[in-house]
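Q:
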Amino acid sequence: MMIPNKIDKDDHRVADEIYAIMKSDVLNGKYKIGQVIKVQSVAALFGVSGNIAEQALQLVCQRGLLTPVAEDAFVVKETHSQEFYYSGRFQVIFLNMEYIIQKLKSESIMIAREPLIAYVEAMRANVAQCHYAGYVAGCEGFYCELCNQAKMSILGETLRKMNHQLNELDDGFGKEFIWSSAAPTLESVELLLTALEERNYDQAKEIVQQLHKHYISRLTD
Numbered sequence: 009m010m011i012p013n014k015i016d017k018d019d020h021r022v023a024d025e026i027y028a029i030m031k032s033d034v035l036n037g038k039y040k041i042g043q044v045i046k047v048q049s050v051a052a053l054f055g056v057s058g059n060i061a062e063q064a065l066q067l068v069c070q071r072g073l074l075t076p077v078a079e080d081a082f083v084v085k086e087t088h089s090q091e092f093y094y095s096g097r098f099q100v101i102f103l104n105m106e107y108i109i110q111k112l113k114s115e116s117i118m119i120a121r122e123p124l125i126a127y128v129e130a131m132r133a134n135v136a137q138c139h140y141a142g143y144v145a146g147c148e149g150f151y152c153e154l155c156n157q158a159k160m161s162i163l164g165e166t167l168r169k170m171n172h173q174l175n176e177l178d179d180g181f182g183k184e185f186i187w188s189s190a191a192p193t194l195e196s197v198e199l200l201l202t203a204l205e206e207r208n209y210d211q212a213k214e215i216v217q218q219l220h221k222h223y224i225s226r227l228t229d
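All residue numbers for the sequence shown refer to our numbering, where the first residue is 9 and numbers rise by one.
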């Protein structure tokens, strides 16, 4: 006999499914701003362990919808649509970066430095000249070139489409946020390129994860 809401699959898949449900419930107002959500309550609701429930809630937290208030509890925060959509974009970009790094590692692909460093130098020059559009073009170019070298060009195409859609919706929030993070982004991209040249893939992933945390922490403060 099946238990209602019981999801009997591998832990990460279960956490992802619970995350999707909880995210939808928060956005649709089932959980009100300021309401506390306890890990054990979610675990009981879905018939899973506390660890899986916490993992799911941490994912919701990363999207800027919850804030941790204790070791086993989160509170629903006021969410602005721009913050939510940008956090979603960043999550896709940074997860894809990790996939790219894994692909480079698993297939022993040696990166071609020259095309990549050209975009890094373009980013640096445009930051120095306070040229936002040129900086963003450099970021996008670096990402897409890395996708191409990893034989995952479809990810670059997805980014271009996503950027186009979000730029049409932006009223200045996105530009201000991205521009204010230009310096740490440039530094991280330079470190990432060095790590990939040295085939230090663990360090490359760490650089990507730390930059993602920086973006999300600033976005959800």
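We treat Cβ as the ideally placed atom computed from N, Cα and C, and that holds for glycine.
(1) Whether or not the segment 203–220 and the segment 103–113 are in contact is what I'm after, with contact meaning three or more pairs of Cβ atoms, one per stretch, closer than 8 Å; do they touch?
(2) I need the straight-line Cα distance from E25 to M160, nearest angstrom please.
(3) What residues in its chain sit with their C-beta under 7 Å from that of A158, if we drop five residues either side in the sequence?
(4) Assuming V84 contacts M131 under a Cβ cut-off of 8 Å, what Cβ separation, rounded to an integer in Å, is found between them?
(5) Tell me whether the beta-carbon of L227 lies closer than 8 Å to the beta-carbon of G72.
(6) Can at least three beta-carbon pairs, one atom from the segment 46–58 and one from the segment 74–83, be found at a separation below 8 Å?
(7) Is A64 near the ligand FMN, judged by its Cβ being under 7 Å from some heavy atom?
(8) Report the option in E122, L67, A191, L204 whose CA atom is closest to the CA atom of Q137.
(9) Quick one, are the C-beta atoms of I215 and L199 less than 8 Å apart?
(10) Going along the chain, which residues of its own chain have a beta-carbon closer than 7 Å to the beta-carbon of K213, five neighbours each way excluded?
(11) Please classify A28: is it buried, with 16 or more other beta-carbons within 10 angstroms of its beta-carbon, or exposed?
(12) What number of angstroms, rounded off, separates the C-alpha of L35 from the C-alpha of G182?
(13) The alpha helix (DSSP H) spanning L183 covers which residue range?
(14) For E184, collect the residues of the same chain with a Cβ closer than 7 Å to its Cβ; drop the 5 residues on either side in sequence, then sort them by chain order.
(15) Which two residues bound the contiguous beta strand (DSSP E) that contains K46?
(16) Taking just the CA atoms, how far does Y39 sit from Q211?
(17) Tell me which residues share the same chain as M10 and place their Cβ nearer than 6 Å to its Cβ, disregarding the 5 neighbours each side in the sequence.
(18) How would you label H20, buried or exposed, when you count the other beta carbons within 10 angstroms and need 16 or more for buried?
(19) If we count the other Cβ atoms within 10 Å of its Cβ and call it buried at 16 or more, is V77 buried or exposed?
(20) Using a Cβ-Cβ cutoff of less than 6 Å, which residues in the same chain neighbour F98 once the five nearest sequence positions on both sides are dropped?
(21) Starting from L67, trace the alpha helix (DSSP H) both ways and give me its first and last residue.
(22) Check whether the Cβ atoms of R121 and E205 sit closer than 8 Å, and answer yes or no.
A: On the basis of the data shown:
(1) yes
(2) 26 Å
(3) I108, K111, L112, I117
(4) At roughly 37 Å, the Cβ-Cβ gap does not stay under 8 Å, so V84 and M131 are not in contact.
(5) yes
(6) yes
(7) Inclusion of the ligand FMN in the displayed structure is not the case, the ligand content being empty and no account of it being possible.
(8) A191
(9) yes
(10) E106, I109
(11) exposed
(12) 21 Å
(13) Sequence check: residue 183 is Lys here, not Leu. 181–188 is the span of the alpha helix (DSSP H), which, as asked, contains K183.
(14) none
(15) 44–46
(16) 38 Å
(17) Residue placement at M10 is poorly supported in this model, since its pLDDT is 33, which falls under 50; the coordinates still yield a value, given next. Within the same chain, M10 has no close Cβ partners at all.
(18) exposed
(19) exposed
(20) Y223
(21) 58–70
(22) yes
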